[in-house]
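Read the structure below first, then the notes.
Numbering (our numbering), first residue to last: 9 to 122.
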């Protein structure tokens, strides 16, 4: 989540350049309900402890979670739906939550074995 944000270093209250303490983790699990039906749940967390001199709009904490249900009746065809929850908190306390639902269908032109 912090790739390209320029949050890897910053200035502390004394004006010294310091590395930004950052921690993250993610976990995921896929369960096969039947031969053609599966689900995956995943969760990711990121926390960036920005230096004092960074503005309040700096990225601070994010959460990202998904759960889906996928049906694959043939080797080439699959479709499913997914619920996605994302949240972001900036250093100034502003919070943004972005839940959404998406659906997809995929048809593989090349035949891959399962």
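Every residue, glycine too, gets a C-beta built ideally from N, C-alpha and C. Owing to the predicted nature of the structure, the values given are computational and were not obtained by experimental measurement.
{"query": "Would residue 69 and residue 51 qualify as a contact pair, given that the criterion is a beta-carbon distance under 8 Å?", "result": "no"}
{"query": "Roughly how many angstroms lie between the CA atoms of residue 62 and residue 32, to the nearest whole one?", "result": "20 Å"}
{"query": "Who pairs with residue 44 in a beta bridge, going by DSSP?", "result": "Partner(s): none; residue 44 has no beta bridge."}
{"query": "Taking the straight line between their C-alpha atoms, what separation do you get for residue 89 and residue 107?", "result": "14 Å"}
{"query": "So, do the region 15 to 26 and the region 36 to 44 have three or more beta carbon pairs nearer to each other than 8 Å?", "result": "no"}
{"query": "Only counting the same chain, and skipping five residues up and downstream in sequence, which positions put a Cβ closer than 7 Å to that of residue 98?", "result": "64, 65, 66, 67, 68"}
{"query": "Does residue 84 come out as helix, strand or coil in the three-state DSSP assignment?", "result": "coil"}
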